[in-house]
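Undergrad: Below you will find the structure I want to go over with you.
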Amino acid sequence: MSGFFAILGRDLRLARVESGGALLAVQFFALGILLFPLGLGPEPGMLSRLGGGLLAVMALLATLLALDRLFQQDHDDGTLDLLRTSPAPLWSVVLGKALAHWLLTGGPMIVTAPLLGVLLQMSWPAIGGLCAALALGTPTLSLVGAIGASLTIGARRGGVLLALLVLPLYIPVLIFMSGTVTAAETGLAFGAHVSILGAILLLSLVLAPWASAVALRQIGE
Amino acid sequence: MSGFFAILGRDLRLARVESGGALLAVQFFALGILLFPLGLGPEPGMLSRLGGGLLAVMALLATLLALDRLFQQDHDDGTLDLLRTSPAPLWSVVLGKALAHWLLTGGPMIVTAPLLGVLLQMSWPAIGGLCAALALGTPTLSLVGAIGASLTIGARRGGVLLALLVLPLYIPVLIFMSGTVTAAETGLAFGAHVSILGAILLLSLVLAPWASAVALRQIGE
Amino acid sequence: MAVSISFSYTFQVRGLAGARGERWLFEGLDLDLAPGEALAVTGPNGAGKTTLLRILAGLLPAEEGSLCWRPEPAEDQVRLHYLGHQNSVKGALSAAENLAFWQRLAGASDPDAFARAASTFALNDLLDLPTRVLSAGQKRRLALARLVAIPAPLWLLDEPTTALDAVSADAFAAAVSDHRAAGGMAIIATHQDLGFQPTHRLRMGREG
Amino acid sequence: MAVSISFSYTFQVRGLAGARGERWLFEGLDLDLAPGEALAVTGPNGAGKTTLLRILAGLLPAEEGSLCWRPEPAEDQVRLHYLGHQNSVKGALSAAENLAFWQRLAGASDPDAFARAASTFALNDLLDLPTRVLSAGQKRRLALARLVAIPAPLWLLDEPTTALDAVSADAFAAAVSDHRAAGGMAIIATHQDLGFQPTHRLRMGREG
Amino acid sequence: MTASTPSSEQPVPGVRGSALHRFANPARFLRLARAVQPWLLAVTLVSLLAGLYFGLVASPIDYQQKDTVRIMYVHVPAAWMAMFGYSTLAIASAVGLIWKHPLADLAGKAAAPIGAGFTIIALATGSLWGKPTWGTWWVWDARLTSVVVLLFLYLGYIALWNAFEQPQRGAKAAAVLALVGIVNLPIIKFSVDWWNTLHQPASISRIGTPAIDPAMLTPLLLMAVAYLGLFLLLLLLRMRVELAERRVAALQLSRSRAGESR
Ligand code: HEM
Ligand SMILES: Nc1ncnc2c1ncn2[C@@H]1O[C@H](COP(=O)(O)OP(=O)(O)OP(=O)(O)O)[C@@H](O)[C@H]1O
Ligand SMILES: Nc1ncnc2c1ncn2[C@@H]1O[C@H](COP(=O)(O)OP(=O)(O)OP(=O)(O)O)[C@@H](O)[C@H]1O
Ligand SMILES: [Mg+2]
Ligand SMILES: [Mg+2]
Chain A
-12 MSGFFAILGR DLRLARVESG GALLAVQFFA LGILLFPLGL GPEPGMLSRL
38 GGGLLAVMAL LATLLALDRL FQQDHDDGTL DLLRTSPAPL WSVVLGKALA
88 HWLLTGGPMI VTAPLLGVLL QMSWPAIGGL CAALALGTPT LSLVGAIGAS
138 LTIGARRGGV LLALLVLPLY IPVLIFMSGT VTAAETGLAF GAHVSILGAI
188 LLLSLVLAPW ASAVALRQIG E
Chain B
-12 MSGFFAILGR DLRLARVESG GALLAVQFFA LGILLFPLGL GPEPGMLSRL
38 GGGLLAVMAL LATLLALDRL FQQDHDDGTL DLLRTSPAPL WSVVLGKALA
88 HWLLTGGPMI VTAPLLGVLL QMSWPAIGGL CAALALGTPT LSLVGAIGAS
138 LTIGARRGGV LLALLVLPLY IPVLIFMSGT VTAAETGLAF GAHVSILGAI
188 LLLSLVLAPW ASAVALRQIG E
Chain C
18 MAVSISFSYT FQVRGLAGAR GERWLFEGLD LDLAPGEALA VTGPNGAGKT
68 TLLRILAGLL PAEEGSLCWR PEPAEDQVRL HYLGHQNSVK GALSAAENLA
118 FWQRLAGASD PDAFARAAST FALNDLLDLP TRVLSAGQKR RLALARLVAI
168 PAPLWLLDEP TTALDAVSAD AFAAAVSDHR AAGGMAIIAT HQDLGFQPTH
218 RLRMGREG
Chain D
18 MAVSISFSYT FQVRGLAGAR GERWLFEGLD LDLAPGEALA VTGPNGAGKT
68 TLLRILAGLL PAEEGSLCWR PEPAEDQVRL HYLGHQNSVK GALSAAENLA
118 FWQRLAGASD PDAFARAAST FALNDLLDLP TRVLSAGQKR RLALARLVAI
168 PAPLWLLDEP TTALDAVSAD AFAAAVSDHR AAGGMAIIAT HQDLGFQPTH
218 RLRMGREG
Chain E
1010 MTASTPSSEQ PVPGVRGSAL HRFANPARFL RLARAVQPWL LAVTLVSLLA
1060 GLYFGLVASP IDYQQKDTVR IMYVHVPAAW MAMFGYSTLA IASAVGLIWK
1110 HPLADLAGKA AAPIGAGFTI IALATGSLWG KPTWGTWWVW DARLTSVVVL
1160 LFLYLGYIAL WNAFEQPQRG AKAAAVLALV GIVNLPIIKF SVDWWNTLHQ
1210 PASISRIGTP AIDPAMLTPL LLMAVAYLGL FLLLLLLRMR VELAERRVAA
1260 LQLSRSRAGE SR
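Residue numbers (my numbering), protein chains in the order written: chain A, -12 to 208; chain B, -12 to 208; chain C, 18 to 225; chain D, 18 to 225; chain E, 1010 to 1271.
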C-alpha cells in the first residue's frame, strides 16, 4: 500500500499548495447551481421541484471538470514513468488518486449541498435524500472517472474525449441519485435506490482500480 | 494581421490533427443535454418549457470545458515565448485564438442545437430564438473566455479557477440568451434581447483582444 | 552558404540588474554587441544565465537598467530569436508545419529560407513526421532550424546544443558563423564547448 | 562515501528488437551486465537510445526478445531507476517534498539516504524552494538525487548530464562510481564524455 | 545467491500485444472466412426475403396498432443486434486483453461501427413507432436512455481506437472501455422491469412461453436471423479489410527493417 499513501498524500498536498483546488471545485459546483435560476427563470415552485436533479447533474459536471488532469499532468511531466517503474502496484496508485480526487470534490460537495438545497427551497426530506445520494454516488463518480482519465492519457483532445467516455458511465449513478431525492421528497422509502447506489459503488471499487491499472500498463510511448 | 491568420490556421489544424476536437466538444454538449431529463425525470411538458434554458447553460459549460487549454498548452510547451517575442501584435494573436475556439465549439453547437431542441420537444419559434441567441451569444463566450484563459495562464488549478473567473462574466450573456428563447416561445418580439446580445458581442470584440493582450504581456516567468 | 539578408544593428545593455523571487542574481551589467559579434555566457547552475536571456528577450522584467538598439528596428522587423531550454514545438503538428507556422507568425514565409533551414539541420527526412515522435535531439534541431528559417539580427540561445549529436553540433556552429558573417549578433548561454570562438565571454555567478 | 546496501544481480538481454511507428530501430541486441558494470550507449540523434532504455525499463513494448534478472529480485525490491529526458519533478512541490515522495513511493523512506542524496548534488540550499523556480541544471540535479536517495541495482539514464555545470557533472560521475562499487549496474545514453570509464560501450545507429 | 532458473526468464511486457502489424499468421482465419461467407450471404438473403414477406404481407395486423405494428419486424431485431453487437465487442475485448490475441482486437474494431449502426436503426425505428403508439417521438425513460448510452459507448470505443499514435495503445484502451461498458447491457435489458416506462416489457425474449401470436413470431424470428447473418457478414468483410491494411503496414515495416539491417 506504499503507493496508495504516497500518492494520496502527494495529491492532497499538491491541491493545497496549488491554492485550494478543493475549494475551487466546490465553488464551481455552487456557481453552476446559481446559473440555473438565471437560465430557467425564477419560478420558486419549479426550482424546488427540480433542485435535486440540478444538484445531482452539477455534482456530476463538477467532478468531470476536476477529473481532467487526474493523470494527464503526471504523464506530461514524466512522473507516470516513475509510477510505472516503481514496485508499488498500479491499482494502489489508482486507488490513492481516486480517493484524493474524491476528498477534493465529492467530499466538499456533500457538505455544501444542504446549503444550496435550502437556497433552491428544497424540502428537508429531499435535502436529506440528496446528501445520502451524494455520499454514495460521488465516490463512484471519482472511481469511474479514474478509469476514463487513465484511458485518455496522452490521447488527442484528452479533455473532451474524457467527458465523452465518462458521462455515459455516469448516467446510471445520476438516475439513482435523483431517484433517491424524488423518493425522499415524496415521502417514499428510498432504501432501494440507496442500496443500488451502494452496489454500484462496490462494483466500481472492484472494477476501477483494475481497469485503470490495465489502461496505465498499456501506455507505450 | 499575420499573427491572426497564423494562429487561426494552426489552431484549426491542431484541432483537426488531434482527431476531431470539434465533434467531441459538440458531443459533450449533446451528452450534457441528455443528462438533464435523467436528473429531472421525464415530464415532456416540463422539459419542453425548460429546454431553452438548459441548452443555454450547457452551451456555456461546454464552451468553458473547451476553453481550458486555450493558452495553457502554448505556455507549457514554450510557444507563448515565441508569440510574445514575435513582431505580430498580441491582440491579433488573441483574436485568432478566439475565432478558432468559436469555430470549434460555438459554431457546431448552433448547428446541433435545433436537433436537441426537437429532442426536448421545444416549440419551433423557441428553437428559432435559441439559434439566434446562440449565434450572437457563443462568440461572446469565446471572446470573454479568451480573457479568462489568458489571465489564468500558469495559474495553479487553472481549469477550475478559469471557470470561476469566466462564469460571472458569462451570466449576462446567459440571461439574455434564455430571455430570447422565452420571448420567442411566448410569441413576443425578441428583437430587444437579440440587439442587447449583439451589443455585448461588439463590446467584447473590442475589449477582449486588448484585455488578454495586456494579460499576456504581464506574464513574467 | 551565402545568406541573402545582412544586418547592421548594434545592441547595447546598460546597468542591467535581474532578480528572481527574493534573490538578486546580477546587477550593473553592461553589454555591447556590434554586427557579427557573439557573446558566450557561462557560469554554474543557477547563476542567472536563463534569467539574463529572458530579460534581454523582454520575457522577464528587469530590476534596473536599459536595453537599446541602434538603429531602432522597424515595427514589423523580427528583432530577435529566443531559444530557451524548451523547444516551443507542437507535438501534434509535423516538423514542416511547425516551421511553416513560425515563418507565417513572423510574417516571413520564405521558401528558400525554409529549405535552407531544413537542410542545415538535416530535417528533410523528418519533415512529415508528427513532432511528438521525434527524438530529443531531432526536436532540438527543429527548434534550431527556426533561427535559419527566419532572419533576425539577434539570437538569444539557452544551451542550444542540448541533446545534439556531434554532427548536429557542428551544423549549429556553422549556422552561427553564417549568421555572424551576415552581420548578426548572438548571445549564447552554455556549459559545453560551442565549437567556435565567441568575441566576448561573460562568466556569471559568485562561484565563478 | 561508503554506501550501506550492496547488490549482486546480473541483468541479461537476449535478441531484443525495438521499433517506433513503422521504423525498425534495432534488433538482435544482446546485453550482459554483471555487478559493478556500466554500459555507455552512444549514437546519433534518432538512433534509438531512448527507445532502448524505455524498453529495458518496461515502459515500451519490445518487438522481440527477452529481459532476464539473475537472481529474480523480490516483488517489493526497487529493480531500476529510469531517468529520461524529462525530470519527473512536480513544480509546485519543494525539492524536499519531491525527494520524499519518491522515497515513499518506493517504500524506502531512509533519512540517511535522503541526506546523502541532497549533499551529493548540493541541493541543501534549494530543498525548500518550489521546484518550479529552480534552474534547468538544479532541476536535473534534483532528478539525479533520486538515484542516490533510493538504492536500486540498475540505473537507466538518458543523457543524465544535460544542463549540468562542471561541478555537478563530477558529482554525478562520483555517484555512479559509488553505485558501481556497491555492485550496482548502469546503462547510460549520452552524447558527451561521462567523466568515467564504462565497462562496455554500445554504439547505435547506421551512421555509427 | 540462488542459481539461475529458466523460470526467471520472462518475456518483455507487451511483446505480443505490439505484434499487431505482423501477427500470428491469420491464414486459418482467412480460409475460414472465405469458406463461410457465401453460406452466410445465402442464409441472410433467404431469411430476409421470407421475413419481409411474412412480416409485411402475410402477417395479421395488430387490432389496435393497425399496420404500424409491422415496424416491430425492423425494430426489435435491430435492438437485439445492438445488444448482441456490444456483447461481441466485449468478448473480443476480453480475449484481446487476456490472451493478447491481435485478431480479437481487430474483431472488436470491426464490430463497433456495425453495432452502432444497428443501435441507430433501433433508435430511429423505435421513435418512428413511438409517434403513433405513444403519441411522441421521444420520451426520456430508462429503456430509451440506456440505448442512447449504448450508442455513445460505441462512439467512445471508436473514438478511443483512433485517439492514439500507436494502434495497439488505442486497441487496449478501447478494449478496457468496452469491458467496463458491459454494465449498461443489463440496464437496457431490465430497464423495462426496474422502472415503469412506456416501453414494452419483454414479451418474446422472456423466460417461458412467448406471449405473442405465432403469426407475428415467425417473421420476427426470420428477421432476427437475417439481421444476425448481416452482422456476421459485415464483420467478416471488415476484418478482412483490416487484415489487408495490416499486411501493407507489415510490408512497410519489414522493408524499413531490411533497410536498416547493417
Ligand atoms: C427510440 C425508441 C425505442 C428504443 C430505443 C427501443 C429499444 C428497444 C430495445 C433495446 C429492445 C430489446 C429489449 C430486449 O431484448 O429485452 C426493444 C424491444 C422491443 N421494443 Fe422497443 N424501443 C423503442 C421504441 C419502441 C416502441 C415505440 C415500441 C412499440 C410500442 C417498441 C416495442 C418493442 C417490442 C415489442 C420489443 C420486444 C420486447 C421483447 O419481447 O423483448 N419499442 N426495444
Ligand atoms: N522565486 C524564487 N526564489 C528564490 N530563488 C529563485 C526564485 N526563482 C528563481 N530563483 C533562483 O534563481 C536562479 C535562476 O537562475 P537561472 O534559471 O537563470 O539559472 P541558469 O544560469 O540558467 O542555470 P542553469 O545553468 O541550470 O540553466 C536559480 O538559482 C533559482 O534557484
Ligand atoms: N511513429 C513513428 N514513425 C516513424 N518514426 C518514428 C516514430 N516514432 C519514433 N520514430 C523515430 O524513432 C526514433 C526514436 O529514437 P530515440 O528517441 O530512441 O532516439 P535517441 O537515440 O534517443 O535520439 P536522441 O539522441 O536525439 O535522444 C527517431 O528517429 C524517431 O524519428
Ligand atoms: Mg538556464
Ligand atoms: Mg533520446
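Note that CB positions come from ideal geometry on N, CA and C, so glycine has one too.
In whole angstroms, what separates the C-alpha of Leu73 (chain C) from that of Asp68 (chain B)?
TA: On the third sequence, residue 73 (chain C) is found 56 positions in, with the first residue counted as 1. On the second sequence, residue 68 (chain B) is found 81 positions in, with the first residue counted as 1. Taking the straight line joining both Cα atoms gives about 13 Å.
Undergrad: Is the Cβ of Gly7 (chain A) closer than 8 Å to any Cβ of chain E?
TA: As a working mapping, residue 7 (chain A) is identified with position 20 in the first sequence. A caution first: Gly7 (chain A) carries a pLDDT of 47, below 50, which makes its placement in the model unreliable, though a value can still be read off. Gly7 (chain A) does not count as touching chain E.
Undergrad: Could you tell me which whole beta strand (DSSP E) segments of length 3 or greater appear in the region 167 to 222 of chain D?
TA: 171 to 175, 202 to 206 and 217 to 220
Undergrad: Confirm, please, whether the CB-CB distance from Ala1180 (chain E) to Gly1105 (chain E) is below 8 Å.
TA: Counting from one through the fifth sequence, the residue named residue 1105 (chain E) turns up at place 96. Counting from one through the fifth sequence, the residue named residue 1180 (chain E) turns up at place 171. Result yes, Cβ atoms of Gly1105 (chain E) and Ala1180 (chain E) sit closer than 8 Å.
Undergrad: Under 6 Å from any heavy atom of ligand 1, by CB: list those residues in chain order, please.
TA: E:Met1081, E:His1084, E:Val1085, E:Ala1088, E:Trp1089, E:Ala1131, E:Leu1132, E:Gly1135, E:Ser1136, E:Trp1138, E:Gly1139, E:Thr1142, E:Trp1143, E:Arg1152, E:Leu1153, E:Val1156, E:Ile1197, E:Lys1198, E:His1208, E:Gln1209, E:Ala1211, E:Ser1212, E:Ile1213 and E:Ser1214
Undergrad: Could you work out which residues of chain D lie near Gly207 (chain A), taking near to mean beta carbons separated by less than 9 Å?
TA: Counting from 1 along the first sequence, the entry for residue 207 (chain A) is found at position 220. Result: Arg71, Leu76, Leu77 and Pro78.
Undergrad: Which of the residues in the region 1171 to 1195 of chain E, read from start to end, lie with their CB under 8 Å from any CB of chain A?
TA: Of all residues in the region 1171 to 1195 of chain E, Ala1172, Phe1173, Glu1174, Gln1175, Gln1177, Arg1178, Lys1181, Ala1182, Val1185, Leu1186, Leu1188, Val1189, Gly1190, Val1192 and Asn1193 have a Cβ within less than 8 Å of some Cβ in chain A.
Undergrad: Would the C-beta of His102 (chain C) count as close to ligand 7, meaning under 7 Å from any of its heavy atoms?
TA: This structure simply doesn't include ligand 7; it includes ligand 1, ligand 2, ligand 3, ligand 4 and ligand 5 instead.
Undergrad: List the endpoints of the continuous beta strand (DSSP E) containing Phe43 (chain D).
TA: For this step, residue 43 (chain D) is matched to residue 26 along the fourth sequence. Arg40 to Leu50 is the span of the beta strand (DSSP E), which, as asked, contains Phe43 (chain D).
Undergrad: Three-state secondary structure (DSSP) at Pro1111 (chain E)?
TA: The sequence position of residue 1111 (chain E) within the fifth sequence is 102, counting from 1. Looking at Pro1111 (chain E) - three-state DSSP - the assignment turns out to be helix.
Undergrad: Are there any heavy atoms of ligand 2 lying less than 7 Å away from the beta-carbon of Asp182 (chain D), as far as the coordinates show?
TA: Position 165 of the fourth sequence, counted from the first residue, corresponds to residue 182 (chain D). Of the heavy atoms belonging to ligand 2, at least one sits nearer than 7 Å to the Cβ of Asp182 (chain D).
Undergrad: Comparing the CB of Thr178 (chain D) with every heavy atom of ligand 4, is any distance shorter than 7 Å?
TA: Taking the fourth sequence and counting its residues from 1, the one referred to as residue 178 (chain D) is at position 161. The answer is no for Thr178 (chain D).
Undergrad: Against Pro61 (chain C), what residues of chain D qualify as contacts under a CB-to-CB distance less than 9 Å, listed in chain order?
TA: Your numbering for residue 61 (chain C) matches position 44 in the third sequence. Gly154, Asp182, Ala183, Val184 and Ser185, listed in chain order.
Undergrad: May I ask you to list the residues that DSSP assigns as paired with Val1055 (chain E)?
TA: For this step, residue 1055 (chain E) is matched to residue 46 along the fifth sequence. In DSSP, Val1055 (chain E) forms no bridge with anything.
Undergrad: Helix, strand or coil, according to DSSP, for Pro74 (chain A) in the structure here?
TA: Numbered from 1 along the first sequence, position 87 holds the residue referred to as residue 74 (chain A). Pro74 (chain A): coil per DSSP, three-state reduction.
Undergrad: Going along chain A in order, which residues have a C-beta closer than 7 Å to the C-beta of Ala150 (chain B)?
TA: Working through the second sequence from its first residue, we reach residue 150 (chain B) at position 163. In chain order: Phe15 and Leu52.
Undergrad: Taking only heavy atoms of ligand 4 into account, decide whether any of them is closer than 7 Å to the Cβ of Thr127 (chain B).
TA: By 1-based counting over the second sequence, the position of residue 127 (chain B) is 140. No.
Undergrad: DSSP state of Phe(-8) (chain B), grouped into three classes?
TA: Looking up residue -8 (chain B) in the second sequence gives position 5. Three-state DSSP puts Phe(-8) (chain B) in a helix.
Undergrad: Check whether the Cβ atoms of Ala180 (chain C) and Glu176 (chain D) sit closer than 8 Å, and answer yes or no.
TA: Stepping through the third sequence from its first residue, residue 180 (chain C) is reached at position 163. Stepping through the fourth sequence from its first residue, residue 176 (chain D) is reached at position 159. Cβ distance < 8 Å, so Ala180 (chain C) and Glu176 (chain D) count as in contact.
Undergrad: Show which residues of chain A have a CB atom less than 7 Å away from the CB atom of Pro1158 (chain E).
TA: Indexing the fifth sequence from 1 puts residue 1158 (chain E) at position 149. Here the sequence assigns Val to residue 1158 (chain E), which means Pro is not the residue at that position. Here the neighbours are Pro155 and Ile158.
Undergrad: How many whole angstroms separate the CB atoms of Pro196 (chain B) and Trp78 (chain B), which I take to be in contact at a CB cut-off of 8 Å?
TA: Residue mapping note: residue 196 (chain B) aligns to position 209 of the second sequence, counting from 1. Residue mapping note: residue 78 (chain B) aligns to position 91 of the second sequence, counting from 1. At roughly 4 Å, the Cβ-Cβ gap stays under 8 Å, so Pro196 (chain B) and Trp78 (chain B) are in contact.
Undergrad: Can the beta-carbon of Val1234 (chain E) be found closer than 8 Å to that of Val1052 (chain E)?
TA: One-based indexing of the fifth sequence puts residue 1234 (chain E) at position 225. One-based indexing of the fifth sequence puts residue 1052 (chain E) at position 43. Yes. Within cutoff.
Undergrad: If you count every other CB in all the chains shown that lies within 10 Å of the CB of Thr125 (chain B), and 16 or more means buried, which is it?
TA: Taking the second sequence and counting its residues from 1, one reaches residue 125 (chain B) at position 138. Buried, because 16 or more other Cβ atoms sit within 10 Å of the Cβ of Thr125 (chain B).
Undergrad: Which runs of the alpha helix (DSSP H) at least 4 residues long sit entirely within the region 56 to 126 of chain B? Give them in chain order.
TA: 59 to 63, 66 to 72, 77 to 91 and 93 to 106
Undergrad: Does the Cβ-Cβ distance between Ala113 (chain A) and Ala171 (chain A) come in under 8 Å?
TA: Counting from one through the first sequence, the residue named residue 113 (chain A) turns up at place 126. Counting from one through the first sequence, the residue named residue 171 (chain A) turns up at place 184. The answer is yes: Cβ separation under 8 Å.
Undergrad: Buried or exposed: Val1045 (chain E), going by 16 or more other Cβ atoms within 10 Å of its Cβ?
TA: In the fifth sequence, the residue the question calls residue 1045 (chain E) occupies position 36. Around the CB of Val1045 (chain E), fewer than 16 other CB atoms lie within 10 Å, so the residue is classed as exposed.
Undergrad: Smallest Cα separation from Pro52 (chain C): which of C:Ile204, C:Gln209 and C:Asn62?
TA: Residue 52 (chain C) sits at position 35 when you count from the first residue of the third sequence. Residue C:Ile204 is the option with its Cα nearest to Pro52 (chain C).
Undergrad: Ignore the nearest five residues each way along the sequence and tell me which others in Asn1171 (chain E)'s own chain have a CB closer than 8 Å to its CB.
TA: The count along the fifth sequence starts at 1 and reaches residue 1171 (chain E) at position 162. These residues qualify, in order along the chain: Gly1179.
Undergrad: Between C:Tyr99, C:Ala199 and C:Arg157, which lies nearest to Tyr26 (chain C) when the distance is taken from Cα to Cα?
TA: As a first step, residue 26 (chain C) is located in the third sequence; it is residue number 9 there, counting from the start. Taking each of C:Tyr99, C:Ala199 and C:Arg157 in turn and checking the Cα distance to Tyr26 (chain C), the smallest one comes out for C:Ala199.
Undergrad: Are the C-beta atoms of Glu289 (chain C) and some chain D residue less than 8 Å apart?
TA: With chain C covering only 18 through 225, there is no way to say anything about residue 289 (chain C).
Undergrad: Report yes or no: is there a C-beta of chain C within less than 8 Å of the C-beta of Arg220 (chain D)?
TA: What you label residue 220 (chain D) is simply residue 203 of the fourth sequence in a count that begins at 1. No - not a single Cβ of chain C is within 8 Å of the one on Arg220 (chain D).
Undergrad: Would you mind sorting Ser1270 (chain E) into buried or exposed? The rule is 16 or more other CB atoms within 10 Å of its CB.
TA: As a working mapping, residue 1270 (chain E) is identified with position 261 in the fifth sequence. Here the model assigns Ser1270 (chain E) a pLDDT of 42, short of 50, so the residue's position is not dependable, and the following value carries that caveat. Exposed: under 16 other Cβ atoms inside 10 Å.
Undergrad: By the three-class DSSP mapping on this structure, what secondary structure does Thr50 (chain A) have?
TA: Looking up residue 50 (chain A) in the first sequence gives position 63. Helix, per DSSP.
Undergrad: Less than 7 Å separating the Cβ of Leu56 (chain C) from some heavy atom of ligand 2?
TA: By 1-based counting over the third sequence, the position of residue 56 (chain C) is 39. No, ligand 2 has no heavy atom inside 7 Å of this Cβ.
Undergrad: Listing by chain order, which chain C residues have their CB less than 8 Å from the CB of Thr179 (chain D)?
TA: Working through the fourth sequence from its first residue, we reach residue 179 (chain D) at position 162. Within 8 Å Cβ-Cβ: Thr179 and Ala180.
Undergrad: So for Pro88 (chain C), helix, strand or coil by DSSP?
TA: The residue labelled residue 88 (chain C) in the question sits at position 71 within the third sequence. Three-state DSSP puts Pro88 (chain C) in coil, outside helix and strand.
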